[in-house]
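Read the structure below first, then the notes.
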Amino acid sequence: MLQSSLAGLTSGGAYAALGVCLVLMYRMVGVVNFALTATGAFGTYVALVLWGHGVPYVAAALVGAAAGAAISALLGAVMATWFYDVGPEVHASVAIAMMIGLLALGFQAFGHGPRSLPAVLQGPAATVSGATITVVAVVVVAASVAIALATWVLLRTTTIGVRLRAVSERPVTAELLGIPARPLTVAVWALAGALSTAIVVLVAPTRPSDFLSLSLLVVPALAAALVGVFTSFGATVAGGIGIGLIEGLVTDSDALAPYSTVLPVVVIFMVLLWSQRRERWDVTR
Amino acid sequence: MSRADRIARPALLAAAVVGLVVVLPTLLPDYWLFLATSAIAAAVIAHSVGIVGGEAGMIVLCPLSFAAAGAWIGCWFATHAPGVPFVLQMVCAAAVAAVVGAVVGLPALRLRGVNLAVFTLGVAAAVSTVLATASFPGSDAYVTVGRPGGFEDATAYYRFCWIVFLVLAALTTWASRRRVGAAWRTIRRSERTAASLGLSVPRVKLGAFAASAAIAAVGGVLMAGQLGLITPRGFEPLASLSVFALAVMVGARFPEGALLAGVMTAFVPELLHRLGIAQDWGNVLFALGAIQALAAGAGVAEIARRRQRARRVRRAAARPAPAAPARDAPREVRPLRAGGEPVLETAGVRVRYGQVVALAGVDVAVRPGSVHGLVGPNGSGKTTFIDAVTGFVAAEGDVRLDGASLRGMAAHRRAAAGLRRTFQQQSASEELSIAQYLRLAAGGSLDAWMTAEALEVVGAADATTRIGELDVGARRLVEVMGAVAARPAVVLLDEPAAGLGPEASAELAAHIASIPARYGCAVVVVEHDMQLVHRACDEVTVLDYGSVLAHGAPQEVLQQERVVTAYLGQEVAVG
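If you're matching them up, the sequences are chains A and B in order. Numbers 21 to 305, taken from my numbering, label the letters of the first sequence in order. Numbers 17 to 591, taken from my numbering, label the letters of the second sequence in order.
Set out below in structure tokens:
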């Protein structure tokens with residue numbers, strides 16, 4: 021019971037970390053980036069191809085992250101150029117289209133089949149009453165907390181953080197105030213691309229590693245971010261880890277195991293119905 | 017529309033339908049007929065996304081989950097009750113999917129667009145997982161889904177799909193012109209506006225969700241009938257996403273856009289295959305097309321319709337305007353009570369935004385049949401007062417309408433109870449015609465007299481004129497007329513003269529002054545135009561820093577020194 025639940029910790033950490041990236045993007049540039057993990061998968065596969073050609077793992081991973089950053093920056097540039105001052109719904113729709121396009125390009129470049137990835141971080145990190153916690157799990161959970169904390173501090177205490185908040189909430193006003201909003205937008209996209217590649221590279225060896233499956237990591241990541249309604253980092257981390265733990269827990273049950281990805285949706289459904297029960301109005305007057 | 021147009025367009029449409037439904041299938045080889053049939057089923061599913069997105073403004077990323085629900089029910093009937101007629105199966109599937117859609121849509125009541133999109137993607141992933149495990153009923157035993165009696169062979173089934181599509185298209189076109197369509201477009205534009213018109217936002221949203229699910233389910237049943245055996249493949253989240261992108265690209269809220277989407281779904285992969293190009297490039301194309309459509313703000317069919325509309329408006333403008341319909345003598349709906357108990361009364365209304373006290377206990381009494389002006393400098397709490405009275409912000413204190421307390425009532429219920437308001441910014445959807453907006457605002461019962469009244473006040477010749485085709489001032493007047501068309505007890509107008517020139521403003525003042533006698537309701541009007549206040553109001557309340565500064569007849573109140581000081585500042589008053 022404990023073992024299988026802890027087995028979900030790696031997944032949960034990944035969902036949390038990717039979810040935090042989504043919240044980061046939403047709070048900094050006002051976009052729910054459906055294409056986040058497709059970008060990360062692209063970067064990961066670039067790293068894989070390089071590694072296959074004999075490039076050392078670390079170098080390959082760095083180039084992969086750079087590739088993820090570059091692709092993401094390109095998408096960010098499209099957003100900043102043609103979709104600068106539009107509502108979140110249009111942003112999301114564009115990101116969905118980008119995700120579909122990236123997936124198709126990824127299939128073309130890398131094929132549909134799974135690939136084996138080097139599991140660099142291996143083995144148990146600790147043992148809790150007979151159940152092991154893997155190194156990967158520790159690293160991704162720590163990463164999610166670190167990214168969340170860093171972003172939170174950045175947004176609250178630094179000038180650039182304040183500017184980014186202005187960009188996400190009132191893009192045109194921010195620009196009129198002389199904030200270099202569009203370059204900042206592209207930079208945030210690039211950062212998110214690099215981060216998501218790094219996370220996907222870390223967790224890919226622990227799960228189905230075909231291009232589609234890695235890209236669809238965005239679904240549980242979005243679910244985690246939704247627990248925090250795209251604003252709260254803490255709730256997102258908790259949501260991501262929670263989803264992972266539930267997934268791990270039900271793998272014990274033969275009847276429920278096939279539905280391990282369904283339960284999180286049900287849980288989120290409940291959480292949302294409760295947390296959003298108050299009536300609220302759309303954009304002020 | 018010219019007479020030639022009026023005859024030519026339906027004739028063209030009929031010829032196209034006959035060509036596509038009757039002639040085409042006799043010419044197509046089997047394989048292409050198969051693809052054409054898939055195209056229609058796909059068109060139905062694309063239409064389901066287009067309707068809920070394009071009309072009601074909600075992003076739904078699980079159309080194929082709803083389609084799968086339809087197909088599932090088709091399979092269930094094939095296994096357990098094969099005798100049930102196909103059309104009945106389809107109706108059942110639509111009904112069940114509508115319920116499922118409404119349940120899935122429950123978070124839509126509170127979740128704004130993006131969050132809802134995320135949730136529906138989760139649903140798409142979950143349904144796909146469930147299908148992969150549980151599969152469709154009868155799939156182990158290879159039970160095939162039958163086709164409707166008399167439409168068994170490929171050609172006939174193709175025609176059957178067309179009939180279903182045309183019936184659905186007629187239904188959605190009809191609905192979009194009716195109250196429900198107007199309500200959807202109003203929700204997309206602003207939920208506040210919808211509530212101010214007495215619409216329950218949750219109900220309208222759930223309705224849109226359920227309708228979309230039902231349409232998609234019908235598409236799913238058509239697919240099941242065509243294929244016979246249904247597998248979980250093809251209902252994956254990625255497929256749903258690509259339907260969404262395609263629907264955005266072509267503007268699938270309109271039937272012709274949906275058809276284009278269906279044709280592209282079925283034939284683009286085939287075309288690429290024949291050209292020796294990998295099918296993935298089809299999705300790249302759809303993605304780019306969707307991004308282009310989003311940048312342009314409209315899909316293919318939407319742009320085509322806009323152009324057509326613009327041509328028609330230009331042509332109509334070239335013709336002499338028809339004579340305005342005659343107006344009967346004013347009719348009184350609510351008997352006016354002279355003096356007596358106030359129709360609207362507030363007691364100690366307080367509103368805080370964090371540390372800021374926007375209203376610090378305001379008591380206002382509006383006499384029946386009066387026009388009550390609410391003036392004060394910017395930030396004095398006038399709009400907040402209207403928000404508090406109409407239920408758009410939480411407030412302490414009591415609001416009584418005709419003596420009954422409105423405490424705890426939601427905004428749309430207050431509107432329905434006879435408390436109507438307008439907003440400072442334009443809030444009516446630009447896509448609605450004047451008549452559609454008035455009918456929506458009036459709650460269904462709109463007579464010719466009221467329409468004629470509104471047209472005269474607005475200065476428009478034709479009730480089919482779209483609100484987006486009016487100038488800004490006239491749009492505000494449509495909203496004012498919408499508020500009175502509901503025959504409320506009180507209308508609250510928030511700066512109705514904004515955007516009007518001095519002459520139009522004077523006319524509006526006369527009109528507002530006549531509202532109580534003509535339509536039988538009291539008026540509360542927030543306005544900065546003091547001439548309008550003088551001309552229209554019987555009584556004036558002055559607010560400053562969230563408190564009542566003065567109250568009385570306009571001539572007296574507006575002369576008071578403290579009122580002048582509050583408005584113009586200390587120096588002017590002293591100097």
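Built from N, CA and C at the ideal position, the CB exists for glycine as well. Computed from a prediction, not measured in an experiment: that's the story for all the values here.
Within chain A, the C-beta atoms nearer than 7 Å to that of B:Asp296 come from Ala124, Phe127, Gln128, in chain order. Taken in chain order, the complete alpha helix (DSSP H) segments of 4 or more residues contained in the segment 127-177 of chain B are 129-150. Non-local C-beta neighbours of A:Thr152 in its own chain, meaning closer than 6 Å and more than five positions away in sequence, comprise Pro144, ordered along the chain. For B:His567, the enclosing beta strand (DSSP E) has its first and last residue at 563-568.
Put simply, the segment 383-395 of chain B touches the segment 355-374 of chain B. At least three CB pairs are less than 8 Å apart. Separation of B:Ala566 and B:Val580 (C-alpha to C-alpha, rounded to the nearest whole angstrom) is 11 Å. Under DSSP, no beta-bridge partner is assigned to B:Glu572. Burial state of A:Pro76 is exposed, judged by a 10 Å Cβ sphere holding fewer than 16 other Cβ atoms.
In this structure B:Gly392 touches B:Leu559 by the C-beta definition: roughly 4 Å separates them, less than 8 Å. Secondary structure in the segment 480-539 of chain B: the alpha helix (DSSP H) runs of 4 residues or longer, each lying completely within the stretch, are 488-501, 518-535 in chain order.
By the Cβ test, the segment 495-505 of chain B is in contact with the segment 436-449 of chain B, since at least three Cβ pairs between them sit closer than 8 Å. According to the DSSP secondary-structure assignment, A:Pro144 is paired through a beta bridge with A:Thr154. Along the segment 146-176 of chain B, the positions whose C-beta sits under 7 Å from a C-beta of chain A are Val146, Thr149, read in chain order.
In the displayed model, A:Leu236 falls within coil according to three-state DSSP, outside both helix and strand.
For the set B:Pro153, B:Ala85, B:Val564, the Cα lying nearest the Cα of B:Val115 is the one of B:Ala85. In terms of CA proximity to A:Ala157, A:Thr226 leads the group A:Thr226, A:Ala258, A:Leu237. Taking 8 Å as the upper bound on Cβ-Cβ separation, chain A lies near no residue of the segment 463-493 of chain B. For B:Leu448, the secondary structure class from DSSP, reduced to helix, strand or coil, is coil. The segment 223-237 of chain A makes contact with the segment 56-69 of chain A, as at least three CB pairs between them are under 8 Å. Under the Cβ distance rule, A:His111 counts among the residues neighbouring chain B, one pair being separated by less than 9 Å.
Exclusion of the five residues before and after B:Phe102 leaves Pro164 as the residues of its chain whose Cβ lies within less than 6 Å of its Cβ.
Under the DSSP assignment, B:Val380 falls in the beta strand (DSSP E) whose first and last residues are 372-382. Inside the segment 159-233 of chain A, DSSP marks whole alpha helix (DSSP H) runs of 4 or more residues at positions 179-189, 191-196, 201-223, from first to last along the chain.
At a cut-off of 9 Å, the C-beta of A:Val114 has a neighbouring C-beta in chain B. Annotation for B:Ala191: Gly197 place their beta carbon closer than 6 Å to its own, counting only its chain and skipping 5 residues before and after.
In the displayed model, A:Ser280 falls within coil according to three-state DSSP, outside both helix and strand. For B:Ser258, the chain A residues whose Cβ falls inside 8 Å of its Cβ are Ile120, in order along the chain.
With a contact defined as Cβ atoms closer than 8 Å, B:Val494 and B:Tyr453 qualify at about 6 Å. By the Cβ neighbour-count rule, A:Trp209 is buried, with 16 or more other Cβ atoms within 10 Å of its own.
Under the Cβ distance rule, B:Gly73 counts among the residues neighbouring chain A, one pair being separated by less than 9 Å.
Shown in chain order are the members of the segment 302-315 of chain B whose Cβ falls below 7 Å from a Cβ of chain A: Phe302, Ala303, Leu304, Ala306, Ile307, Leu310, Ala311. Non-local C-beta neighbours of A:Leu122 in its own chain, meaning closer than 6 Å and more than five positions away in sequence, comprise Ala55, Ala58, ordered along the chain. Between the C-alpha atoms of B:Ile231 and B:Leu222 there is a straight-line separation of about 14 Å.
If you check the CB distance, B:Arg491 and B:Ser449 do not come in under 9 Å. Nearest C-alpha to A:Arg202 among A:Gly50, A:Ala243, A:Val239, A:Gly33: A:Gly50. Rounded to the nearest whole angstrom, the CA to CA distance from A:Ala166 to B:Thr136 is 30 Å.
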